[in-house]
Each structure stands twice: as C-alpha cells, then as structure tokens.
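K.L.:
Residue numbers (this note's numbering): 1 to 200. Heads up, the beta-carbon is just placed ideally off N, CA and C, and yes, glycines get one too.
1. Where does residue 90 sit, in a helix, a strand or coil, going by DSSP?
2. Quick check: what's the CA-CA separation for residue 131 versus residue 93?
3. Near residue 97, which residues of its chain fall below 6 Å by C-beta distance, leaving aside the five closest residues on each side in sequence?
4. Using DSSP with H/G/I as helix, E/B as strand and the rest coil, what is residue 68?
5. Going by DSSP, name the residue or residues bridged to residue 50.
6. So the beta strand (DSSP E) residue 142 belongs to, where does it begin and stop?
7. Terminal residues of the continuous beta strand (DSSP E) containing residue 166?
8. Which of the three DSSP states, helix, strand or coil, is assigned to residue 101?
9. In the DSSP assignment, what residue or residues form a beta bridge with residue 190?
10. Let me make sure I understand the geometry here. Which of 176, 125, 200 has the alpha-carbon closest to that of residue 44?
11. Tell me which same chain residues have a C-beta within less than 7 Å of the C-beta of residue 128, skipping the five on either side of it?
12. Considering only DSSP beta bridges, list what residue 134 is partnered with.
13. Please state whether DSSP places residue 61 in a helix, a strand or coil.
14. Nearest to residue 186 by alpha carbon, out of 167, 64, 196?
15. Is residue 184 helix, strand or coil when you go by DSSP?
16. In chain order, what residues of the same chain have a beta carbon less than 7 Å from the beta carbon of residue 108, not counting five sequence neighbours either side?
17. So what's residue 55 in DSSP terms, helix, strand or just coil?
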C-alpha cells in the first residue's frame with residue numbers, strides 16, 4: 001500500500017494506492033540424495049542395450065513468482081553405474097563401466113564432470129515446460145532443448161522429471177566398436193532426469 005498526498009484548492013487530499021504484491025523469489029539447492037539421472041544406450045540399431053545411472057552432485061534452481069528463471073547442475077561422471085547387468089556378474093559390470101569411463105567414451109579422468117545451464121524456460125501446457133540450455137560433456141558445450149514435467153514448482157520446493165535423447169557424436173563421444181562396419185554402438189543416448197530440491 002502506498003499513500004499519496006496532493007493539494008487541490010488549498011485543501012490536502014490523500015489517495016491510497018494499492019501496490020502490486022512483491023514477487024516471491026527463491027534459490028533452491030538440488031538434493032543430490034533424491035535426484036538421479038537414468039541413461040540407456042543401444043547397440044546394433046537397437047537390438048541390444050545397456051542401462052545405468054549417474055548422480056547429480058550439485059545444483060541450484062531459481063524460482064520467481066512461480067516461474068523457473070534459472071537452473072544449473074553438475075553431474076558426477078565418476079558416479080556412472082551399470083544397472084542392466086546382474087550384481088553377481090561383477091567382472092562384466094566392471095569391464096563395461098571401465099570402458100565407458102575410458103577415453104573411448106567419456107574420458108572421465110580428464111573430464112570428471114558434466115554440466116547443464118538453462119538459458120530459457122517456456123510454458124507448454126499443464127505442468128509441462130520446454131527447457132533450453134547448454135550441456136557440457138567431455139569438455140564440449142552444445143545447446144539442448146527438452147520437455148520437463150514439474151510435479152512441484154514453488155519458492156519452497158521443485159520436483160521435476162525430464163526426458164531427452166542426445167546424439168553422443170555432438171560431444172565427441174565417437175567410439176563405434178567395429179572397425180569393419182563402424183556400427184556396433186548406436187549414437188543416441190536416452191536420459192531420464194529426476195530432480196528434487198532440498199526442503200526450504
């Protein structure tokens with residue numbers, strides 16, 4: 001509320017002006033214990049596959065007046081795990097994991113983290129938004145755009161799930177696996193990002 005005083009014909013008048021409510025803004029920290037990335041890669045044109053997880057180590061989201069205005073998070077590439085090979089097949093699991101961490105794929109010794117930084121968030125429908133931003137992987141930064149469904153989007157808490165598919169060749173993850181046909185490992189990697197912030 002704002003009070004404005006003004007004079008008319010020597011008389012003092014007072015006008016009360018209703019002010020727009022102050023926009024609520026908040027910066028929320030990503031909860032690394034409740035956030036996860038699930039990945040799936042295929043081979044032989046989809047006839048075979050491997051699946052696993054990655055952990056989000058840090059991140060923050062900014063919400064202003066019920067709208068997401070900024071989002072950024074860091075992925076711990078050393079957390080890469082395999083979930084489609086049974087745990088009792090430890091040798092097979094470790095062999096694949098080691099190869100994915102190797103220079104053939106993500107070269108984690110040189111690039112231990114990947115990052116996403118949002119540049120735009122557009123409302124689509126219901127609780128669905130289209131996020132655009134820059135994904136840095138293996139030291140290369142490329143733009144990406146994907147849809148994210150927000151179960152909660154407030155100044156106190158954010159919970160969302162996004163699904164996207166990236167072409168690994170864009171980030172220099174170029175291993176093919178077959179010198180003859182050059183087509184053992186498919187290019188697309190499917191990602192499901194489940195993200196929650198810490199309670200405020």
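P.N.:
The answer reads as follows:
1. Reading the chain shown from its first residue, position 90 is the one you call residue 90. The answer is helix: DSSP assigns residue 90 an H, G or I state.
2. One-based indexing of the chain shown puts residue 131 at position 131. One-based indexing of the chain shown puts residue 93 at position 93. Taking the straight line joining both Cα atoms gives about 34 Å.
3. Position 97 of the chain shown, counted from the start, is the residue given in the question as residue 97. Cβ within range, chain order: 82.
4. Looking up residue 68 in the chain shown gives position 68. Here residue 68 sits in strand by DSSP.
5. Counting from one through the chain shown, the residue named residue 50 turns up at place 50. 41, per the DSSP bridge assignment.
6. Position 142 of the chain shown, counting from 1, holds the residue named residue 142. Note, residue 142: beta strand (DSSP E), 140-153.
7. For this step, residue 166 is matched to residue 166 along the chain shown. Note, residue 166: beta strand (DSSP E), 158-167.
8. Along the chain shown, one-based indexing puts residue 101 at 101. Of the three classes helix, strand and coil, the one that applies to residue 101 here is helix, per DSSP.
9. Sequence index remark: in the chain shown, residue 190 carries index 190 (1-based). DSSP, once it has assigned bridges, lists 40, 165 as partnering residue 190.
10. Taking the chain shown and counting its residues from 1, the one referred to as residue 44 is at position 44. Cα-wise, what sits closest to residue 44 is 176.
11. Residue 128 sits at position 128 when you count from the first residue of the chain shown. Closer than 7 Å at the Cβ level, and outside the excluded window around residue 128, lie 147, 149.
12. Residue numbering aside, residue 134 sits at position 134 when the chain shown is read from its first letter. Looking at the DSSP assignment, residue 134 forms a beta bridge with 117, 143.
13. Taking the first residue of the chain shown as position 1, residue 61 is located at position 61. Of the three classes helix, strand and coil, the one that applies to residue 61 here is strand, per DSSP.
14. To locate residue 186, count along the chain shown from 1; it is residue 186. Closest by alpha carbon: 167.
15. Taking the first residue of the chain shown as position 1, residue 184 is located at position 184. It is coil, neither helix nor strand.
16. Sequence index remark: in the chain shown, residue 108 carries index 108 (1-based). These residues qualify, in order along the chain: 77, 78, 101.
17. Along the chain shown, read from residue 1 onward, the residue named residue 55 stands at position 55. It is a strand residue.
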